[in-house]
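Quick note, the sequences are listed as chains A and B, same order.
Using the numbering used here, the first residue of the first sequence is number 1, and each one after it goes up by one.
Using the numbering used here, the first residue of the second sequence is number 1001, and each one after it goes up by one.
All C-beta atoms, glycine included, are put in the ideal place defined by N, C-alpha and C.
Note sheet for the following structure.
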Amino acid sequence: MDYLSAEHVTFAYQSESENEESLEVLHDVSLGIRKGEFVALLGHNGSGKSTFAKHFNAMLLPSGGKVYVDGLDTMDENLKLEIRRRVGLVLQNPDNQLVASIVEEDVAFGPENLGIAPPEIRRRVDDALRAVEMYDYRLNAPYKLSGGQKQRIAIAGIIAMQPDCIVLDEPTAMLDPRGRTEVLDTIHKLNREKGITIVLITHYMDEAVGADRVVVMDEGRILTQGTPREVFSQVQLLKDHQLSVPQATELVWRLKQEGYDLPLCALNIDECVAALEPLLKS
Amino acid sequence: MARDITLGQYIPGHSLVHRLDPRVKITLTLAFIVFLFVASNFEGLLLMVALMFAVLLCSGVPLLQYFKSLKAILFIILFAGVLNLFYGTGNVIWRCPFWPVMQITDGGIGNAVFISIRIVCLILYSSVLTFTTTPTELTDALERIMKPLEFLHVKVHEIAMMMTIALRFVPTLLEETDTIMNAQKARGADLESGGLMQRIRSLIPILIPLFVSSFRRAYDLAMAMECRCYHGGEGRTKMKQLCMTKLDAAAILCSAVFCSAVILCTVYLPASLR
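Now the structure itself:
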């Protein structure tokens, strides 16, 4: 059974005035995510991907359809805390999601809310900080850290609640390239070593390449999904919806359009080099 | 500039005073301040001064730091001192030739000295608290101390949480103010010249964006807190438990001895304030 499952979800933001029609952002979206899977949710601004993601920990409730987390219905008010413990959400702006003025106390915030015994919190906080490689900074003030470091602290704050799944809503959008790499490496490591299910929302195509599955959203619907190779082979479809593909993929695709004999898809620089090398040598 | 501002005035260290339980520190500081006012004669005040020097030396904070905190309120000390010169009874030492009501008496001089020492002690005692306790410890301790108020339906946990968040966002908002100021300057805003009204008016283009972004931050933070299962103070635990040690007991005992001595002085010796 799928760990996260959305069944025919529609969602509309309630309008302020009565005469205005409420704005429907998601139209009949169905998606299942297996335990331990790494899913990248792609789409440009306004595609409904963030709205969709907030359904997975009951931050938003569907206007129609159902969302289940490990079989728990998100509509059930009594299950809300348990669902949020199981599915953590990391937001875009690292500054706005840290609560305490000392790193380790911020990481402890989640477990403290869950009413866990103090020695156990201490252990979890230390483990979580080691998992994101920020243990040495545990007594620092967050405002003195870099964006990438702050975002890793935010992730540690979620890990300390021992979730099964982490949803990250454009966690790298406000970071410099180095911060992006730090955060992505951390996410991949958690997925690999702890088996945590990851839903990564992003509009950077390069970040999606490392995922097990890519889901592309556009205008509140799922446009296409599959392995990164399957999805990025459909260059024309993505381009029709104003979505870009990774640069390496784009280069190979364009050359192919010009009539060169090349493989269908190159996901990263290495594959691109491998594809072009024989061509250049001949 | 914003980055240089230290939160609170905490000076890291491992001295005896640093290691005290923050609840004990807050309570004792309050008690000392009360007893500064209980002491009504120089004998009692001298005891409080002696205790203060003992605490200052135990705090391991360079004495220069304490002088700095005094310098900031030098004006208030002088003002209170000079004013008190003229309030007092006793032998007249000097009388203003134009305005006979203004007179300095030996009692007035005594009062001025007494009041000045009292203010200096007040400031130094509270400085010891802020120099040796982190803001987090302070809010934690306040939450514990105010716990009994919950019976009166005071939302103690919420108040403490607000203080924690406020402290957390001070540097963030300072940094943002800097950014906005620079952005407005880059657009040609003139923040430095003009009269008082002009300057106040020129603050508006800085305050409005700051407000707007604070609300956005508040919204984000509320969501992040909910995502991390925050649901008020009910059923919440704390990673760091405050616990009293023998050191705290010793500190309380010493303070009690001094304070009782001050009471004895007040009861059995004549008051110095005239």
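Query: Nonlocal neighbours in the same chain, by C-beta distance under 7 Å from B:A1189, ignoring five residues either side; Result: S1202 and P1205
Query: A:D136 classed as buried or exposed, judged by whether at least 16 other C-beta atoms fall within 10 angstroms; Result: exposed
Query: Range covered by the beta strand (DSSP E) that runs through A:K66; Result: G64 to V69
Query: Chain A contacts from the stretch 1221 to 1250 of chain B (Cβ-Cβ distance under 8 Å); Result: L1221, M1223, A1224, M1225, E1226, C1227, R1228, C1229, Y1230, H1231, G1235, R1236, T1237, K1238, M1239, K1240 and Q1241
Query: Buried or exposed (CB count within 10 angstroms, at least 16 for buried), A:Q242; Result: exposed
Query: Min CB distance B:T1179 to chain A below 7 Å; Result: no
Query: Identity of the residue in A:D28, A:I116, A:L139 and A:G71 nearest B:R1236 by Cα; Result: A:I116
Query: Alpha helix (DSSP H) segment containing A:L23, residue limits; Result: Premise fails: A:L23 lies in the beta strand (DSSP E), L23 to I33, not in any alpha helix (DSSP H).
Query: C-beta neighbour in chain B for A:I102, strict 7 Å; Result: yes
Query: Chain-order list of residues whose beta-carbon lies under 8 Å from that of B:D1140 (same chain, five-residue window excluded); Result: P1022, A1160, K1238, K1240 and L1242
Query: Contact set for A:A53: own chain, Cβ-Cβ below 8 Å, skip 5 residues either direction; Result: L41, L89, V167, D169, V199 and I201
Query: Residue(s) in a DSSP beta bridge with A:G88; Result: A:I166
Query: Neighbour list for B:I1165 in chain E, Cβ cutoff strictly below 8 Å; Result: Protein chains in the displayed structure are A and B, and chain E is not among them.
Query: Residues near B:L1124 by beta carbon distance below 8 Å, same chain, minus five either side; Result: M1052, L1056, Y1066, S1069 and L1070
Query: Inter-residue Cα distance where the pair is B:M1162 and B:K1155; Result: 11 Å
Query: Chain A contacts made by the stretch 1126 to 1138 of chain B, where a contact means CB separation under 9 Å; Result: T1134, P1135 and T1136
Query: A:T172 versus A:M161, A:L184, A:E193 and A:L279, residue with shortest Cα-Cα distance; Result: A:L184
Query: Cβ-based neighbour list, B:K1147, same chain, cut-off 7 Å, excluding 5 preceding and 5 following; Result: V1156
Query: Given A:H8 as reference, the closest of A:N45, A:I33, A:A58 and A:P62 once Cα atoms are compared; Result: A:P62
Query: One or two residues paired with A:T197 in a DSSP bridge; Result: A:C165
Query: Enclosing alpha helix (DSSP H) for B:W1099 [first to last residue]; Result: No alpha helix (DSSP H) holds B:W1099; DSSP gives it neither H nor E.
Query: Sequence-distant residues of its chain with Cβ nearer than 6 Å to B:R1003 (five each side left out); Result: Residue confidence for B:R1003 is low, a pLDDT of 40 falling below 50, so the modelled location carries little weight; the figure read from the coordinates is stated next. Correct list: empty, nothing qualifies.
Query: Residues sharing a beta bridge with A:A248, DSSP; Result: None; A:A248 has no bridge partner.
Query: Listed by chain order, chain A residues near B:R1199 by CB distance under 7 Å; Result: By Cβ distance, chain A contributes nothing, its closest Cβ being about 28 Å from B:R1199, past 7 Å.
Query: According to DSSP, residues forming a beta bridge with A:Y13; Result: A:L23
Query: Buried versus exposed call for A:H55 [16 or more other C-beta atoms within 10 Å across all chains shown]; Result: buried
Query: Same chain only: Cβ atoms within 6 Å of A:A275, ignoring 5 sequence neighbours per side; Result: V252, L262, P263 and A266
Query: A:G117 (DSSP reduced to helix, strand or coil); Result: Looking at the sequence provided, one finds Ala at residue 117 of chain A rather than Gly. Note: A:A117 maps to coil in three-state DSSP.
Query: Those residues which DSSP pairs with A:Q225 across a bridge; Result: A:V215
Query: Per-residue DSSP class, three states only, for A:D73; Result: strand
Query: Residues that A:S5 bridges to, as DSSP identifies them; Result: A:G32 and A:Y68
Query: B:Q1103 (DSSP reduced to helix, strand or coil); Result: strand
Query: For A:L237, three-class secondary structure by DSSP; Result: helix
Query: DSSP three-state assignment for B:R1228, whether helix, strand or coil; Result: coil
Query: Cβ shell of A:T224 (< 7 Å), same chain only, five flanking positions each side left out; Result: V216, V231, Q234 and L237
Query: Spatial distance of B:M1244 from B:L1020 (CA atoms); Result: 8 Å
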